[in-house]
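With the working numbering applied, the sequence shown covers 2 to 377. Since the structure comes first, as structure tokens, the remarks are kept for the end.
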Amino acid sequence: MSDNTRLPNLLGMDRQALKAFFSNIGEKPFRVDQVMRWLYRDQVTEFEQMTNLSKALRQKLSRCAVIEMPEVAFKEFSADGTRKWVLALDSGNRIETVFIPEGHRGTLCVSSQVGCALDCSFCSTGKQGFHRDLTAAEIIAQVWIATASFGIPENKGRRPITNIVMMGMGEPLLNFDAVTQAMSLMLDDLGYGISKRRLTLSTSGIVPAIDRLSEVLDVSLAISLHAPNNELRNELVPINRKYPLSELVAACDRFIKKYPDKRMITIEYVMLDGVNDHIKHAKELAALLDTLPCKINLIPFNPFPHAPYRRSSSNRTSRFQKILQDAGFVTTIRTTRGDDIDAACGQLVGLVEDRTSRSQAWQAVKFKSQTNEAQT
Ligand code: SAH
Ligand code: SF4
Numbered sequence: 002m003s004d005n006t007r008l009p010n011l012l013g014m015d016r017q018a019l020k021a022f023f024s025n026i027g028e029k030p031f032r033v034d035q036v037m038r039w040l041y042r043d044q045v046t047e048f049e050q051m052t053n054l055s056k057a058l059r060q061k062l063s064r065c066a067v068i069e070m071p072e073v074a075f076k077e078f079s080a081d082g083t084r085k086w087v088l089a090l091d092s093g094n095r096i097e098t099v100f101i102p103e104g105h106r107g108t109l110c111v112s113s114q115v116g117c118a119l120d121c122s123f124c125s126t127g128k129q130g131f132h133r134d135l136t137a138a139e140i141i142a143q144v145w146i147a148t149a150s151f152g153i154p155e156n157k158g159r160r161p162i163t164n165i166v167m168m169g170m171g172e173p174l175l176n177f178d179a180v181t182q183a184m185s186l187m188l189d190d191l192g193y194g195i196s197k198r199r200l201t202l203s204t205s206g207i208v209p210a211i212d213r214l215s216e217v218l219d220v221s222l223a224i225s226l227h228a229p230n231n232e233l234r235n236e237l238v239p240i241n242r243k244y245p246l247s248e249l250v251a252a253c254d255r256f257i258k259k260y261p262d263k264r265m266i267t268i269e270y271v272m273l274d275g276v277n278d279h280i281k282h283a284k285e286l287a288a289l290l291d292t293l294p295c296k297i298n299l300i301p302f303n304p305f306p307h308a309p310y311r312r313s314s315s316n317r318t319s320r321f322q323k324i325l326q327d328a329g330f331v332t333t334i335r336t337t338r339g340d341d342i343d344a345a346c347g348q349l350v351g352l353v354e355d356r357t358s359r360s361q362a363w364q365a366v367k368f369k370s371q372t373n374e375a376q377t
């Protein structure tokens with residue numbers, strides 16, 4: 002990162018913010034389109050190389066703005082196509098981004114905060130505590146870096162990243178402005194042109210922010226539910242004490258009714274052996290979600306050192322799935338990918354963040370990464 006941090010960073014500014022920026026420096030609105038094309042389609046971050054801008058304008062931009070993004074500290078590309086990046090921010094803060102290919106689909110899992118304050122009992126990000134919010138630039142930079150790793154596509158219809166999920170580190174709805182600004186760039190045709198059905202925000206259930214989200218952006222919503230009753234959810238997802246299940250389900254209902262092309266909410270449910278995976282929990286969940294248009298995604302728990310849980314067996318998971326399917330819910334079991342590089346989505350463990358128990362494991366990953374790079 003340079004010392005120019007006081008100059009506005011054009012990376013991460015959505016169309017509206019860029020319009021305001023160009024108007025402030027006395028330039029016409031069509032400059033917005035030109036700069037967005039350079040930045041996101043052509044992957045150019047030097048004003049000097051933006052050759053359809055006059056030399057005078059390029060010089061002016063170099064004086065009054067910057068295009069800056071975090072550095073890639075480590076990256077690792079797994080044999081199954083999964084790619085993972087660790088980005089270095091200020092003060093030793095680090096975040097992770099993961100790309101997971103599956104058939105014709107390529108999903109990028111993006112972080113929104115360094116750490117997380119919500120401390121869900123099964124989540125390694127929560128165990129790191131909260132460090133800071135990411136800026137819109139740091140959020141969109143994750144998409145920029147992942148996209149650039151595939152080069153510039155020859156054919157616009159064949160983009161490697163087809164889906165983006167805000168399911169990395171952090172609670173996106175507690176970093177509302179930066180997250181929504183970055184997401185509007187993900188949707189924008191001159192940004193990443195991701196369709197609203199393929200752009201998903203995952204939240205542990207910040208009820209007022211779910212309502213606010215529906216006011217400003219039309220995207221898909223995933224809820225990290227993980228328990229069918231308040232008693233258990235208070236334990237697993239402590240924010241439930243503030244926004245209990247009845248309020249959360251009502252907020253989901255309002256969200257779904259907001260747009261005429263009714264979509265389904267995705268309900269995420271991490272399978273914790275003997276904790277939330279009993280038959281009675283499946284039945285309770287079916288009753289809780291009875292009237293909500295939703296599909297349910299059962300997530301195998303990804304263990305981390307000192308985690309107080311085990312992954313449910315595949316038998317228990319299938320049994321749970323069957324009860325929900327019999328009750329009429331589309332219910333899928335998430336396949337875990339990228340296990341070999343610790344990159345399963347929702348399991349961005351931040352190995353580098355933990356300067357104690359996992360540092361040795363991280364050294365191993367780092368070594369492997371260097372070896373892989375040397376081989377390719
Ligand atoms: N804070 C947001 C988004 C990030 S977490 C949220 O909670 O929704 C992304 C998903 O990964 C959530 O569904 C979360 O519950 C899940 N997750 C967290 N830790 C996990 C673990 N150890 N194993 C499996 N899924 C986990
Ligand atoms: Fe935060 Fe989501 Fe992890 Fe809970 S599951 S601690 S909300 S990142």
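From the three backbone atoms N, C-alpha and C, an ideal C-beta is built for every residue, glycine too.
Next item on the list: Kindly indicate which residue of ARG255, ASP254 and ASN231 has the alpha-carbon position closest to the one of TYR244.
Entry: The residue you call residue 244 lines up with position 243 of the sequence shown. With distances taken between Cα atoms, TYR244 lies closest to ASN231.
Notebook entry, point to check: Hey, out of ARG16, ASP43 and LEU40, whose CA is closest to PRO30's CA?
Noted result: Position 29 of the sequence shown, counted from the first residue, corresponds to residue 30. Closest by alpha carbon: ARG16.
Next item on the list: Locate the beta strand (DSSP E) running through GLU139, then write down its first and last residues.
Entry: What you label residue 139 is simply residue 138 of the sequence shown in a count that begins at 1. Where GLU139 is concerned, there is no enclosing beta strand (DSSP E), although the alpha helix (DSSP H) it sits in stretches over 137-149.
Next item on the list: Specify, as a first and last residue, the run of the alpha helix (DSSP H) that ALA74 falls within.
Entry: Counting from one through the sequence shown, the residue named residue 74 turns up at place 73. No alpha helix (DSSP H) contains ALA74, which is instead part of the beta strand (DSSP E) from 72-78.
Notebook entry, point to check: Under 9 Å between the Cβ atoms of ILE257 and LEU293?
Noted result: Taking the first residue of the sequence shown as position 1, residue 257 is located at position 256. Taking the first residue of the sequence shown as position 1, residue 293 is located at position 292. Yes.
Notebook entry, point to check: Does at least one heavy atom of ligand 1 sit under 8 Å from the Cβ of VAL271?
Noted result: The residue given as residue 271 occupies position 270 in the sequence shown. Indeed, a heavy atom of ligand 1 lies less than 8 Å from the Cβ.
Item checked: Spatially closest choice to VAL276 from VAL99, SER313 and ASP178, by CA coordinates -> Stepping through the sequence shown from its first residue, residue 276 is reached at position 275. Selected option, being the one with the closest Cα: SER313.
Next item on the list: Enumerate in chain order the residues of its own chain whose CB-to-CB distance from VAL220 is below 8 Å, with the five nearest sequence positions on each side excluded.
Entry: Along the sequence shown, one-based indexing puts residue 220 at 219. These residues qualify, in order along the chain: MET184, LEU188, LYS197, LEU200, THR201, LEU202 and LEU214.
Margin query: Give the residues whose C-beta lies closer than 5 Å to at least one heavy atom of ligand 2, in chain order.
Written below: CYS117, LEU119, CYS121, CYS124, THR126, GLY127, GLU172 and SER205
Checklist line | Assigned exposure category for ILE280 - 16 Cβ within 10 Å defines buried | finding: Numbered from 1 along the sequence shown, position 279 holds the residue referred to as residue 280. Burial call: exposed.
Margin query: Can you determine whether any heavy atom of ligand 1 sits closer than 8 Å to the C-beta of GLY169, and answer yes or no?
Written below: The residue given as residue 169 occupies position 168 in the sequence shown. Within the cutoff, so yes.
Checklist line | Helix, strand or coil at HIS132 according to DSSP, with G and I counted as helix | finding: Counting from 1 along the sequence shown, the entry for residue 132 is found at position 131. In this structure, HIS132 counts as strand in the three-state DSSP scheme.
Item checked: Beta-carbon contacts of GLU248 that lie in its chain and below 6 Å, excluding the five residues immediately before and after -> Residue mapping note: residue 248 aligns to position 247 of the sequence shown, counting from 1. Here the set comprises VAL208.
Item checked: Cutoff 8 Å; reference THR136; Cβ partners in own chain excluding five residues on either side -> Taking the sequence shown and counting its residues from 1, one reaches residue 136 at position 135. Once the five neighbours on either side are set aside, the close Cβ partners of THR136 are ASN10, GLY13 and ALA179.
Next item on the list: Let me know if ILE153 comes out buried or exposed under the rule of 16 or more other beta-carbons within 10 Å of its beta-carbon.
Entry: By one-based count along the sequence shown, residue 153 stands at place 152. It is exposed - the Cβ of ILE153 has fewer than 16 other Cβ atoms within 10 Å.
Next item on the list: May I ask you to check if the CB of SER225 is nearer than 8 Å to at least one heavy atom of ligand 1?
Entry: Position 224 of the sequence shown, counting from 1, holds the residue named residue 225. Yes, ligand 1 has a heavy atom inside 8 Å of this Cβ.
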